[in-house]
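Heads up, the sequence shown is in this note's numbering, so the first residue is 1202 and it goes up one at a time.
What follows is a single structure, written as structure tokens, with notes after it.
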Amino acid sequence: MMGTSILAIPWALAQAGFGFGIFLILLVAGMATYTAYLAERITEDLRTIKNLPKDIFLDFSDAVHYHFGRPGRIITSVFSQVVILGASIVYYVLLSNFLYNTGKYIYQSATNEFPIPPTISFGGRNFTDVLCDVEGINGSYIETTTNELFGKLWHVQNTVPVWLLLILFPLVSIKSPTFLGKFTALATISVIYLFILTGIKGYNWKVNMSADKVTGTVENYRNLFASLTGACSMAFFIHNALHTILRAQRTPKHNPQVILAAFGFTTLTYSLIGCIFFAVFPVSKRCIKDNLLDNLVTDVPVFVGRLALLFQMSTVYPMIVFILRAQFMYAVFGNIYPSWKHVLIFHLVVVGLGVLFAVVYPQIGTIIRFIGAIGGFIFIFTLPPLITLLNKRILGREAVVHPNIEFDAVSDYAKNGKPSLQISGELTVLRDWCDKKTCVLWWIRCFFYILLMLFGLLNFIAQFVLLGIPQNSKVPE
């Protein structure tokens, strides 16, 4: 999910405040890493409980089904698909944005009709390569395009989301677009380029952690911090697919180290891109948008970045839709490709939702935080600790077996000349839940796991609370 969340992290950090935001990133990352470890361990505990051999593959859903039955498996499957659907919507909105700005820059280069760069005076300096929509800071484009037809045909919300269909719909209609997975390495290149682009801009802007024209000072705390916890929940969401990813691991005993390294590098990436962009952003931090590229006047480096992301995300989007389609069709029809009619209708619905959001509500920050909070509540903060508690409760039981052994009632010796013994068919099994030490550890574990679940629930509720909190983006008089 790094492709969707990394562009919004500077905005989410600004919503929480710099100091408190860094703390929250590390906090959510730590909890997500630990629950990912729990998610990996619950299948091993289940293997012990059911006495299964190691060559049988167990998934997260198997543990859910064991403890909660078919209803639990259906509910988690629905929420899993909701998260994937949300990711597809975010991808579509971003792709519409990238396509619009890329096409616009190409047209301006061909006609030599570039807009007059905005000039923002801030801290005694003038900036012409940064955009800010906060009221009271003059940083708007002055368009010089004389072709009204181009403006009507190439609009970021009214037309471009529809034009994007011409590119994406043929790709999502491929029966198995897994060959696009060969381009996944482009994601790493895109992230590296974002660091380079941020470094280029930061070199020109310099560090700006001084007084803020809007707030009076750089804020270290804001009451909109739930935006960051929601975005981070999306950023670190991988728990329900963890077993599939680790399945090819040659040494399963090293899975905890692999999980720690993966989440550690991901946390470092998000923290660096968020903190660096926040620190060097030359004007009010309230200006930072939920897509950091929207804060930059389009020049050659920004154009290259958008073009690279446009191509990379265009290869990922069909695979996201394919995963969503396969899960839905198999759950409903028992076949990942029941017929071309079913698949066509499904694609129209999924892509149609992407077009709808790109036209009506292209706010990726809000979409990311809601989807992240929903998925995080279920798959990060609730199911891994809850199933771990249930597994430990079962594994904590001790069985004492008292078989009844008797000599043959007829004679002391059988026909072969050896004693004959009879073992009664009924075994006496005494079960104790746990010893005192195991009980104490279980209740301590239970206390901390309840705190994890409570955090996930409050994070989810807070996303709705944010809708009623006004965001002061006006320069005080």
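We put the beta carbon where it would ideally sit given N, CA and C, even for glycine.
Nothing here was measured: the structure is a model prediction, and the numbers come from that model.
Please state whether DSSP places residue 1549 in a helix, a strand or coil. helix
Return the CA-CA distance between residue 1450 and residue 1484, expressed in angstroms with no decimal places. 47 Å
Using only CA atoms, which one of 1637, 1668 and 1587 lies nearest to residue 1647? For the set 1637, 1668 and 1587, the Cα lying nearest the Cα of residue 1647 is the one of 1587.
Rounded distance between the beta-carbons of residue 1233 and residue 1569, thought under 8 Å: That pair is no contact at about 15 Å.
For residue 1497: DSSP bridge partner residues: Residue pairing by DSSP places residue 1497 opposite 1331 in a beta bridge.
C-alpha distance - residue 1422 paired with residue 1217, whole-angstrom precision: 6 Å
Under the DSSP definition of a beta bridge, which residues are partnered with residue 1322? According to DSSP, which records beta bridges pairwise, residue 1322 is partnered with 1327.
Comparing alpha-carbon positions, which option in 1332, 1305, 1264 and 1273 lies nearest residue 1494? 1332
Can you tell me whether DSSP reads residue 1317 as helix, strand or coil? strand
What would DSSP say about residue 1226, mapped onto helix, strand or coil? Reduced to three states, the DSSP call for residue 1226 is helix.
At a cut of 8 Å, does the stretch 1206–1221 reach the stretch 1486–1500 through at least three beta carbon pairs? yes
Measuring only the C-alpha atoms, how far is residue 1291 from residue 1574? Near 15 Å, if we compare the C-alpha coordinates of residue 1574 and residue 1291.
Does residue 1208 come out as helix, strand or coil in the three-state DSSP assignment? coil
Any idea what DSSP makes of residue 1669, helix, strand or coil? coil
Count the other CB atoms within 10 Å of the CB of residue 1288; is the residue buried (16 or more) or exposed (fewer)? buried
Between residue 1583 and the rest of its own chain, which residues show a CB-CB distance below 7 Å, the 5 nearest in sequence each way excluded? 1654 and 1657
When the Cα of residue 1470 is compared with those of 1448, 1395 and 1410, which residue comes out closest? 1395
How about the stretch 1514–1533 and the stretch 1305–1314: do they share at least three Cβ pairs that are nearer than 8 Å? Remark: fewer than three beta-carbon pairs, one from each stretch, lie closer than 8 Å, so the stretch 1514–1533 and the stretch 1305–1314 are not flagged as touching.
Can you tell me which of the three DSSP states residue 1278 falls into? helix
Apply the 10 Å Cβ neighbour rule to residue 1628 and answer buried if 16 or more other Cβ atoms are within range, or exposed otherwise. In this predicted model, residue 1628 has a pLDDT of only 48, less than 50, meaning its place in the structure is not dependable; the value taken from the coordinates is given anyway. The residue in question, residue 1628, is exposed, as its Cβ has fewer than 16 Cβ neighbours within 10 Å.
Taking DSSP as the reference, what is the three-state secondary structure of residue 1349? Helix at residue 1349.
Beta-carbon proximity check, residue 1429 vs residue 1645, cutoff 9 Å: no
Helix, strand or coil, according to DSSP, for residue 1400 in the structure here? helix
Among 1659, 1501 and 1209, which residue has its Cα nearest to the Cα of residue 1303? The shortest C-alpha separation from residue 1303 is found at 1501.
Hey, how far is the Cα of residue 1260 from the Cα of residue 1434? 21 Å
What residue range is occupied by the uninterrupted alpha helix (DSSP H) comprising residue 1363? 1361–1364
Taking the straight line between their C-alpha atoms, what separation do you get for residue 1437 and residue 1553? 27 Å
Quick one, are the C-beta atoms of residue 1472 and residue 1223 less than 9 Å apart? yes
Where does residue 1363 land, buried or exposed, given buried means 16+ other C-beta within 10 angstroms? Counting Cβ neighbours within 10 Å, residue 1363 comes out exposed, since fewer than 16 surround it.
Would you kindly report the start and end of the unbroken alpha helix (DSSP H) that includes residue 1586? 1584–1596
What whole-angstrom Cβ distance do residue 1585 and residue 1230 have, given they're in contact under 8 Å? About 15 Å; that fails the 8 Å criterion.
Of all the options 1590, 1642, 1592 and 1376, which has the alpha carbon lying nearest to the alpha carbon of residue 1536? 1376
On a Cα-Cα basis, can you pick out the residue from 1671, 1274, 1571 and 1555 that is closest to residue 1358? 1555
Three-state secondary structure (DSSP) at residue 1420? coil
Contact defined as beta carbons within less than 8 Å: I believe residue 1383 pairs with residue 1481. What is the distance between those atoms, to the nearest angstrom? Rounded, the Cβ-Cβ distance is 35 Å, inconsistent with contact.
Just the Cα atoms here: how many angstroms apart are residue 1463 and residue 1505? Rounded to whole angstroms, the separation of the alpha carbons of residue 1505 and residue 1463 is 28 Å.
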